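Asks: Residue numbers (my numbering): 141 to 349.
1. Cα separation between residue 292 and residue 186?
2. Can you tell me which of 258, 287, 337 puts its alpha carbon nearest to the alpha carbon of residue 269?
3. For residue 242, write down the residues that DSSP places opposite it in a beta bridge.
4. Taking all protein chains shown into account, decide if residue 179 is buried (16 or more other Cβ within 10 angstroms of its Cβ) or exposed.
5. If you drop the 5 nearest sequence neighbours on each side, which residues of the same chain put their C-beta closer than 8 angstroms to that of residue 262?
6. According to DSSP, which residues form a beta bridge with residue 166?
7. Does the pairing of the segment 189 to 204 with the segment 242 to 254 give three or more beta-carbon distances under 8 angstroms?
8. Do residue 280 and residue 204 count as a contact pair if the criterion is CB distance below 7 angstroms?
9. For the alpha helix (DSSP H) holding residue 317, just list the boundary residues, first then last.
10. Where DSSP assigns a beta bridge to residue 248, which residues make up the other side?
11. So what does DSSP say about residue 265, is it helix, strand or coil?
12. Report the CB separation of residue 267 from residue 290 in whole angstroms; it is logged as a contact under 8 angstroms.
13. Under the rule that 16 or more other beta-carbon atoms within 10 Å means buried, what is residue 215, buried or exposed?
14. What number of angstroms, rounded off, separates the C-alpha of residue 193 from the C-alpha of residue 340?
15. Compute the distance between the beta-carbons of residue 235 and residue 207, then report whether it is under 7 angstroms.
16. Do you know offhand how far residue 183's Cα is from residue 271's?
17. On the DSSP bridge assignment, give the partners of residue 324 in chain order.
18. Roughly how many angstroms separate the alpha carbons of residue 332 and residue 342, rounded to a whole number?
19. If you follow the alpha helix (DSSP H) that residue 200 is part of, which residue opens it and which one closes it?
20. Is residue 236 helix, strand or coil when you go by DSSP?
21. Quick check: the Cα distance between residue 285 and residue 335, rounded to an integer number of angstroms?
22. Per DSSP, residue 338 is paired with what?
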């Protein structure tokens, strides 16, 4: 459905170039900087990364805060912890659980060799709970000082929207907690969606008062 939507949108924009994002992508296509396939893929990826992951992350943040009342109480008592809370929630349950990469050279990893050109599925969620990197990684700790998580990836492929995502999460948490001081879960029985790559709740049942 996403591809079909953008295929139609791009066709309309080809008829009359605009100054929006799709228009800029099509200018790159016209200048042969990008192929039509690359333009379509980029449009779909930008939509998915900017909408789906953000929605899932905000719901997940609220869920884990409400599920850990001691952490929620600490944040309410000290709002300056909002930034470290955001980083810890990103580490604890980032929406992008896995990413794919392609080896550009032979790489020895333990007793295995990844050959040049082979695809690799990188589990970011596992790295973010690595006990050799994080103390007590299975515990949500909003006061965690050392938090080198890779929720947004790393290197040249790191998420371009990381700063915006952090701001969106902080605004959502701050607004919900200030507007609804009695915010609580109505059930601990939640269902996670079946996607292995994108992690998110199917729904979140909460009471606002």
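Don't be surprised by glycine CBs; every beta carbon is placed ideally from N, CA and C.
As the structure is a prediction and not an experimental result, all values here were calculated from the model.
Replies: If we stick to the structure as given:
1. Position 152 of the chain shown, counted from the first residue, corresponds to residue 292. Position 46 of the chain shown, counted from the first residue, corresponds to residue 186. Taking the straight line from one Cα to the other gives about 14 angstroms.
2. To locate residue 269, count along the chain shown from 1; it is residue 129. Nearest option by C-alpha distance: 287.
3. Walking along the chain shown from the start, residue 242 turns up at place 102. DSSP output for residue 242 lists 259 as bridge partner(s).
4. Mapped onto the chain shown, residue 179 falls at position 39. With 16 or more other CB atoms across the displayed protein chains lying within 10 angstroms of its CB, residue 179 is buried.
5. Mapped onto the chain shown, residue 262 falls at position 122. Around residue 262: 238, 239, 240, 241.
6. Walking along the chain shown from the start, residue 166 turns up at place 26. The secondary-structure analysis by DSSP pairs residue 166 with nothing; it has no beta-bridge partner.
7. No, they do not touch.
8. As a first step, residue 204 must be located in the chain shown, where it is residue number 64. As a first step, residue 280 must be located in the chain shown, where it is residue number 140. Cβ atoms of residue 204 and residue 280: closer than 7 angstroms.
9. Sequence index remark: in the chain shown, residue 317 carries index 177 (1-based). For residue 317, the uninterrupted alpha helix (DSSP H) segment begins and ends at 302 to 319.
10. The sequence position of residue 248 within the chain shown is 108, counting from 1. The bridge partners DSSP lists for residue 248 are 253.
11. On the chain shown, residue 265 is found 125 positions in, with the first residue counted as 1. Assigned with DSSP and collapsed to three states, residue 265 falls in helix.
12. Against the chain shown, residue 267 aligns to sequence position 127. Against the chain shown, residue 290 aligns to sequence position 150. Indeed they touch by this definition, with Cβ atoms about 6 angstroms apart.
13. The count along the chain shown starts at 1 and reaches residue 215 at position 75. By the beta-carbon neighbour count (other beta carbons within 10 angstroms, threshold 16), residue 215 is buried.
14. As a first step, residue 193 must be located in the chain shown, where it is residue number 53. As a first step, residue 340 must be located in the chain shown, where it is residue number 200. Looking at the two C-alpha atoms, the distance is approximately 8 angstroms.
15. To locate residue 235, count along the chain shown from 1; it is residue 95. To locate residue 207, count along the chain shown from 1; it is residue 67. Residue 207 is positioned such that its CB atom lies no closer than 7 angstroms to that of residue 235.
16. Numbered from 1 along the chain shown, position 43 holds the residue referred to as residue 183. Numbered from 1 along the chain shown, position 131 holds the residue referred to as residue 271. The straight-line gap from Cα to Cα measures roughly 37 angstroms.
17. Sequence index remark: in the chain shown, residue 324 carries index 184 (1-based). According to DSSP, which records beta bridges pairwise, residue 324 is partnered with 347.
18. Locating residue 332 in the chain shown gives position 192, where the first residue counts as 1. Locating residue 342 in the chain shown gives position 202, where the first residue counts as 1. Taken atom to atom, the span from the alpha-carbon of residue 332 to that of residue 342 is near 5 angstroms.
19. For the purposes of this step, residue 200 is taken as the residue at position 60 of the chain shown. That run of the alpha helix (DSSP H) goes 193 to 207.
20. Within the chain shown, the letter at position 96 stands for residue 236. Under the three-state reduction of DSSP, residue 236 is assigned to strand.
21. Here residue 285 refers to the residue found at position 145 of the chain shown. Here residue 335 refers to the residue found at position 195 of the chain shown. Taking the straight line joining both Cα atoms gives about 31 angstroms.
22. Taking the chain shown and counting its residues from 1, one reaches residue 338 at position 198. DSSP lists 236 as partners of residue 338.
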